[in-house]
Structures are given as structure tokens and as C-alpha cells.
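Numbering (the numbering used here), first residue to last: 2 to 227. Notes for the one structure printed next.
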Ligand SMILES: C[S@@+](CC[C@H](N)C(=O)[O-])C[C@H]1O[C@@H](n2cnc3c(N)ncnc32)[C@H](O)[C@@H]1O
């Protein structure tokens with residue numbers, strides 16, 4: 002795979018998973034309508050969405066159950082998804098079309114670079130980071146997307162009052178996320194430690210895997226006070 006994506010940290014391996022013919026068709030037919038090309042320059046999301054609705058970011062949406070369900074349930078919000086895995090983009094494009102969803106845009110690129118280059122500070126009302134790649138081996142912890150620098154970036158992109166919601170079944174990553182978010186002095190943990198699972202969140206592919214393995218899931222939610 003090329004080094005097309007490059008970031009501060011190699012938080013992912015670009016998998017060359019098979020793109021099905023239906024995903025290929027969706028990538029060909031719908032990308033122009035729903036995908037935003039990566040840009041080194043900041044973009045105006047208000048212009049992209051052509052309205053002033055609040056913007057929710059979903060980082061690493063995978064096969065997309067959650068981003069699709071959330072967008073359908075929240076038509077008054079704009080939803081921006083970032084994902085590097087092509088088959089996942091094709092899958093979500095198919096579901097956007099099938100459900101006639103108007104409030105999603107997708108960026109097929111490394112989330113670190115999208116956040117640092119394209120998104121303006123205080124432009125998001127909510128960030129979702131569900132089941133980020135856990136890199137469970139100790140020698141790979143440095144590859145985790147949410148490190149101290151990423152914690153600062155997430156904080157800067159949220160508007161005041163904005164929230165970040167994460168879930169993971171990896172205890173050490175959960176502790177790391179809480180630790181780096183707690184370092185931002187105006188980020189407040191909305192729970193004493195971990196929270197409970199929100200009943201309105203649909204079960205994603207990776208959450209289902211965690212359920213199947215009877216793994217404990219750690220729910221994290223922080224709000225930006227100022
Ligand atoms: C474990 S999966 C979870 C997917 C989904 N959120 C779920 O709950 O089923 C993590 C996803 O994050 C994506 N990902 C990992 N690092 C990324 C990055 N730096 N930028 C964008 N996407 C990334 C991967 O391609 C993968 O689809």
C-alpha cells in the first residue's frame with residue numbers, strides 16, 4: 002500500500018480489503034455527492050453542508066451502522082465521517098443512498114490529518130470515537146490514535162459545550178483516553194470514571210464483537226466547559 006496517508010503516528014494499517022461490486026458501484030456513483038476530498042487547507046463546513054446546523058464528527062465509522070443510524074435519527078444535525086477503509090466508505094455510501102440521507106459527508110483520509118489541516122477550531126458540537134483500533138500489545142500502544150497530542154486536537158475542534166463520546170472494550174486504551182482528555186483543564190468528565198451505555202446508540206460491528214466475547218465495554222464522555 003502506498004504512503005498516501007501519513008501522520009504523526011501510524012495509528013492504522015491501510016487494509017486492502019476486497020471492495021465488493023456493490024461497494025465499487027457506490028464509490029463510483031455517489032462519491033461526488035457525499036465525499037469531500039482531503040485538503041491541506043481549512044474548509045468551511047457550513048459551505049460544505051450548505052446550512053448552519055451543528056456538526057457531529059464520527060472518527061473511524063467502520064461499516065457504518067452507528068453513523069447511518071445517528072444521521073437518520075438526527076436530521077437537524079450535520080454528520081461528518083472520517084474513515085480510511087475503502088470497503089467501509091462504499092458500504093456507507095450505499096446506505097446513505099438507500100435511506101435517502103441528506104445530512105452526511107464523508108472524508109476518506111487519516112483522521113489526524115483531517116483534524117489538523119481541514120477542520121477549524123470550535124467547529125464541532127460532538128465527536129464520536131467508537132471502538133478505535135486498540136493496538137493491544139504494549140509495544141504498539143504508541144500507534145493508538147488518541148494520545149496526548151490528539152487529546153489536545155479533539156479539545157480544540159469542539160465548540161464550547163461540545164462533547165466527545167468514546168467507547169472501547171480495551172481497558173488500557175480506555176484509561177489512556179480518560180487520562181489524555183483529563184489533561185485538558187476545561188474538559189470535564191461527565192461521569193465519575195466510566196459511564197453507562199447510551200440506550201439510543203445502535204450496536205456497531207465492533208461492539209457486537211465485544212458482546213460476543215463477553216468483553217466489558219468502557220463508555221467515556223467529556224464536555225468542553227470553555
Ligand atoms: C475497530 S474499527 C471500529 C469501527 C466502528 N466505529 C465500529 O464501532 O464498528 C476502527 C476503525 O477506525 C478506522 N481508522 C483507524 N485509524 C484511523 C485514522 N487514523 N483515520 C481514519 N480512520 C481510522 C479503521 O479503518 C476502522 O474502520
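Cβ coordinates follow ideal geometry from the N, Cα and C atoms, glycine included.
Would you kindly report the start and end of the unbroken beta strand (DSSP E) that includes residue 163? By one-based count along the chain shown, residue 163 stands at place 162. From DSSP, the beta strand (DSSP E) with residue 163 extends over 159-169.
Beta bridge counterpart(s) of residue 72 as assigned by DSSP: Here residue 72 refers to the residue found at position 71 when the chain shown is read from its first residue. Answer by DSSP bridge pairing: none, since residue 72 is not bridged.
Which class does residue 59 belong to by DSSP, given the choice of helix, strand or coil? Reading the chain shown from its first residue, position 58 is the one you call residue 59. Here residue 59 sits in strand by DSSP.
Do you know whose CA, among 131, 88 and 75, lies nearest residue 218's CA? For the purposes of this step, residue 218 is identified with residue 217 of the chain shown, where counting begins at 1. When each option's Cα is compared against that of residue 218, the closest is 131.
Should residue 146 be counted as a contact of ligand 1 given a C-beta to heavy atom distance under 7 Å? On the chain shown, residue 146 is found 145 positions in, with the first residue counted as 1. In this structure, ligand 1 has a non-hydrogen atom nearer than 7 Å to the beta-carbon of residue 146.
Quick check on the DSSP output: what are the complete alpha helix (DSSP H) runs of length 4 or more inside the stretch 87-120, in order along the chain? 87-99
Please tell me whether, using a cut-off of 7 Å, the distance from the CB of residue 206 to the nearest non-hydrogen atom of ligand 1 is below it. For the purposes of this step, residue 206 is identified with residue 205 of the chain shown, where counting begins at 1. Within the cutoff, so yes.
Straight-line Cα distance separating residue 185 from residue 153: For the purposes of this step, residue 153 is identified with residue 152 of the chain shown, where counting begins at 1. For the purposes of this step, residue 185 is identified with residue 184 of the chain shown, where counting begins at 1. Spanning the two alpha carbons is a distance of roughly 7 Å.
Report the rounded CA-to-CA distance for residue 224 versus residue 24, giving the unit in angstroms. Here residue 224 is taken as the residue at index 223 of the chain shown, counted from 1. Here residue 24 is taken as the residue at index 23 of the chain shown, counted from 1. Answer to the nearest angstrom: the Cα atoms are 36 Å apart.
Given residue 39, which residues of its chain have a CB within under 6 Å of its CB, disregarding the five upstream and five downstream residues? Working through the chain shown from its first residue, we reach residue 39 at position 38. So the list reads 110, once near-sequence residues are dropped.
Buried or exposed: where does residue 161 fall if 16 or more other Cβ atoms within 10 Å of its Cβ makes it buried? Here residue 161 corresponds to residue number 160 of the chain shown, with the count starting at 1. It counts as exposed.
Would you mind sorting residue 177 into buried or exposed? The rule is 16 or more other CB atoms within 10 Å of its CB. Stepping through the chain shown from its first residue, residue 177 is reached at position 176. Classification of residue 177: buried, given that the 10 Å Cβ count is 16 or more.
Per DSSP, what kind of secondary structure is residue 3 in: helix, strand or coil? The count along the chain shown starts at 1 and reaches residue 3 at position 2. The predicted model places residue 3 with a pLDDT of 39, which falls under 50 and marks its position as unreliable, so this point remains unresolved.
Look at residue 68 and residue 93 and say whether their C-beta atoms are less than 8 Å apart. Residue numbering aside, residue 68 sits at position 67 when the chain shown is read from its first letter. Residue numbering aside, residue 93 sits at position 92 when the chain shown is read from its first letter. For residue 68 and residue 93, yes; Cβs fall inside 8 Å.
Does DSSP put residue 190 in a helix, a strand or coil? Against the chain shown, residue 190 aligns to sequence position 189. Correct three-state label for residue 190: strand.
Taking the continuous beta strand (DSSP E) assigned at residue 224, which residues delimit it? To locate residue 224, count along the chain shown from 1; it is residue 223. First-last of the beta strand (DSSP E) with residue 224: 219-225.
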